[in-house]
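Residue numbers (UniProt numbering), protein chains in the order written: chain A, 1 to 314; chain B, 1 to 314.
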């Protein structure tokens with residue numbers, strides 16, 4: 001089952017079920033994605049039971065599946081990305097035996113084609129292509145082997161980052177505030193079963209294609225997470241209840257062979273350049289630049305649709 | 001003007017205006033604190049105009065003024081606390097010329113007398129007495145000298161912390177997830193003008209008395225912030241719009257003469273013991289322990305009421 005949220009003038013929009021061919025949609029028994037996630041056990045079967053899709057799906061009206069959330073917790077569990085970033089930022093982190101995770105702004109997620117507003121151009125504007133999940137209410141202390149029922153939907157995310165601010169904030173130990181403006185979400189939120197073989201061991205088993213200003217920049221494969229989403233849920237829930245509609249991210253998708261497949265963010269490319277050539281060659285994004293991100297399964301499906309956005313000045 | 005939120009079985013409760021003597025209350029034109037903050041320019045004068053308080057204020061029904069928020073950004077701007085904590089945790093942070101700030105869980109704020117549920121007893125359970133503000137919608141790029149209209153209300157907060165987890169999380173650079181369970185709020189949210197002389201330079205000009213298991217533990221003074229709340233708003237809003245109902249905290253209230261006035265958290269006391277005696281003597285909280293926090297003005301008013309809670313096991 002694929003779900004989308006339509007712009008309707010309210011902050012949370014209008015939840016719809018998308019027809020199997022993606023052309024039509026139908027409203028369900030609750031108004032919003034947040035409503036659905038709060039009563040998932042009841043609502044999910046009702047949404048699945050819908051077989052009549054009366055409305056043409058206007059992609060111009062599709063916003064983020066969850067346009068705002070009570071909580072956004074982003075992991076960083078692709079090891080090849082983390083190791084390179086530490087080197088580039090000059091962070092000497094002790095190795096840890098748990099998934100890295102920070103809490104970011106969740107009061108807004110950009111829709112897939114919405115212009116992305118940045119305050120300043122010279123802050124190292126960067127994209128980060130990643131996967132995420134939307135959870136149901138998850139009790140404090142939930143373990144990884146009990147996480148599956150709480151992973152309601154899988155989503156695709158661009159975790160916008162401002163690299164000039166990221167390193168200095170990281171060195172304070174407090175994590176990121178200014179370096180992490182709101183993220184973007186691809187059009188469709190998808191149940192894990194809908195993904196089929198493209199969801200394995202609580203990981204997305206598919207490529208994420210990233211195009212920057214129309215040219216392919218990266219095509220990393222998702223199934224390289226050091227910790228699956230089951231473990232990310234357990235990590236997040238150790239000392240807090242996860243509110244329904246919590247968004248948990250994988251962090252930048254990255255593979256060990258990033259020199260061949262490319263990267264899902266500019267900072268990683270620059271890191272490779274620093275390692276290989278002594279200094280970074282690729283500049284960060286400018287106002288007017290575009291980035292397109294689309295995950296693709298081995299059998300050619302694009303379950304989440306595409307994020308395709310332009311960066312604009314405040 | 002003082003506002004409170006009454007438990008009514010819904011997640012956001014029922015907003016009321018409190019009578020000047022604190023004994024009665026009146027409902028306003030909007031249902032919740034969040035509603036009021038989203039339309040503050042319109043609603044604030046309507047709330048101020050209320051002069052008839054028909055209902056007895058049942059303190060047993062009072063929950064956090066904002067029981068959940070879209071965003072919680074906590075500063076750490078009492079220099080005497082920060083310097084000591086760095087020493088104790090073993091963090092060698094570069095000095096920064098901006099206020100330290102992290103984003104924490106905001107999907108729940110405990111009410112002032114609600115039991116506080118902790119997953120494990122041996123994680124170094126600690127309180128952190130602090131002040132905070134509730135903002136109206138604040139555009140990205142708002143400067144400190146334009147922040148005043150966005151500071152709608154002042155609140156008093158206990159930022160619960162798990163110290164065994166805090167240091168290791170901090171060293172990753174990603175900030176805190178597990179070390180920071182939900183916070184608590186004192187009963188009343190207060191407009192800055194209501195505080196009179198107890199609000200100066202965008203800082204609380206009053207003492208915060210902290211009692212642990214019935215004994216006074218600290219009585220630090222609030223007006224020692226390295227950055228006032230105007231500057232905290234500007235810092236937070238540099239690269240993001242602040243959603244209405246953003247909660248911004250001061251961090252643990254602390255004074256240079258903490259050996260005389262005491263501390264607003266156990267970790268600081270332990271830090272003093274480490275410096276003075278070579279090792280910490282004071283243990284962290286146990287299940288069943290209570291903590292009471294109440295700010296008091298020079299003329300004896302307690303504008304926020306008291307947080308008075310017990311820590312209990314999951």
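Ideal placement from N, C-alpha and C gives every residue a C-beta, glycine not left out.
Note that this is a predicted model, so its numbers are computed, not measured.
Does chain D have any CB closer than 8 Å to the CB of residue i?
| i | result |
| --- | --- |
| residue 239 of chain B | Included in the structure are the protein chains A and B, with no chain D among them. |
Let me see if you follow: with CB-CB separation under 8 Å, is residue i close to chain A or not?
| i | result |
| --- | --- |
| residue 105 of chain B | yes |
| residue 341 of chain B | Shown here, chain B extends from 1 to 314; a query on residue 341 of chain B therefore has no answer. |
| residue 243 of chain B | yes |
| residue 175 of chain B | yes |
| residue 168 of chain B | yes |
Might you give, ordered along the chain, the residues of its own chain that have their beta carbon closer than 6 Å to the beta carbon of residue i, omitting 5 neighbours on each side?
| i | result |
| --- | --- |
| residue 207 of chain B | 219, 221, 296 |
| residue 294 of chain B | 209, 302, 306 |
| residue 133 of chain A | 151, 154, 229, 248 |
| residue 61 of chain A | 6, 7 |
| residue 33 of chain A | 5, 15, 65, 66 |
| residue 145 of chain B | none |
| residue 107 of chain A | 68 |
| residue 199 of chain B | 192 |
| residue 270 of chain A | 280, 282 |
| residue 186 of chain B | 112, 156, 304, 305, 307 |
Strictly under 8 Å for the Cβ-Cβ distance: is residue i near chain B by that measure?
| i | result |
| --- | --- |
| residue 91 of chain A | yes |
| residue 153 of chain A | no |
| residue 96 of chain A | yes |
So which residues on chain A does residue i lean against when the C-beta distance must stay under 7 Å?
| i | result |
| --- | --- |
| residue 286 of chain B | By Cβ distance, chain A contributes nothing, its closest Cβ being about 16 Å from residue 286 of chain B, past 7 Å. |
| residue 162 of chain B | 239 |
| residue 181 of chain B | 239, 240 |
| residue 314 of chain B | 140, 141 |
Apart from the five residues just before and just after residue i, which ones in its own chain have a Cβ nearer than 7 Å to its Cβ?
| i | result |
| --- | --- |
| residue 102 of chain A | 74, 175, 176 |
| residue 52 of chain A | 26 |
| residue 292 of chain B | 211, 306, 307, 308 |
| residue 11 of chain A | 67, 68 |
| residue 113 of chain A | 308, 309 |
Output, in chain order, the set of chain B residues within a Cβ distance shorter than 7 Å of residue i.
| i | result |
| --- | --- |
| residue 229 of chain A | Going along chain B, no residue has its Cβ under 7 Å from residue 229 of chain A, so there is no contact; the nearest lies around 15 Å. |
| residue 278 of chain A | By Cβ distance, chain B contributes nothing, its closest Cβ being about 25 Å from residue 278 of chain A, past 7 Å. |
| residue 172 of chain A | 93, 96, 100 |
| residue 9 of chain A | Per Cβ cutoff of 7 Å: no residues; residue 9 of chain A is ~15 Å from chain B at best. |
What residues from chain A crowd round residue i, counting only those whose CB sits closer than 8 Å?
| i | result |
| --- | --- |
| residue 70 of chain B | 68, 70, 106, 107 |
| residue 73 of chain B | 177 |
Which chain B residues sit within Cβ distance under 8 Å of residue i?
| i | result |
| --- | --- |
| residue 225 of chain A | Per Cβ cutoff of 8 Å: no residues; residue 225 of chain A is ~16 Å from chain B at best. |
For residue i, which residues in chain B fall below 9 Å Cβ to Cβ?
| i | result |
| --- | --- |
| residue 178 of chain A | 98, 101, 235, 236, 238, 239, 240 |
Give me, in chain order, the residues of the same chain whose beta-carbon lies closer than 8 Å to that of residue i; leave out the 5 immediate sequence neighbours on both sides.
| i | result |
| --- | --- |
| residue 287 of chain B | 118, 121, 311, 312, 313 |
| residue 319 of chain A | The shown model of chain A, from 1 to 314, leaves out residue 319 of chain A, and the question about it has no answer. |
| residue 39 of chain A | 30 |
| residue 245 of chain A | 33, 34, 37, 38, 66, 69, 70, 71, 134, 135 |
Worksheet item: Which of the residues in the stretch 188-201 of chain B, read from start to end, lie with their CB under 9 Å from any CB of chain A?
Response: none
Worksheet item: Which residues, in chain order, does the stretch 110-142 of chain A contribute to contact with chain B at a C-beta distance below 9 Å?
Response: 117, 118, 119, 120, 123, 139, 140, 141
Worksheet entry | Segments assigned alpha helix (DSSP H), at least 4 residues, entirely inside the stretch 61-143 of chain A | 79-89
Practice prompt. Within the stretch 187-264 of chain A, note down every full alpha helix (DSSP H) run reaching 4 residues or more, in order along the chain.
Written response: 192-195, 229-236, 258-261
Worksheet item: In chain order, which alpha helix (DSSP H) runs of at least 4 residues are fully inside the UniProt domain "Fumarylacetoacetase N-terminal" (1-68) of chain A?
Response: 33-38, 40-48
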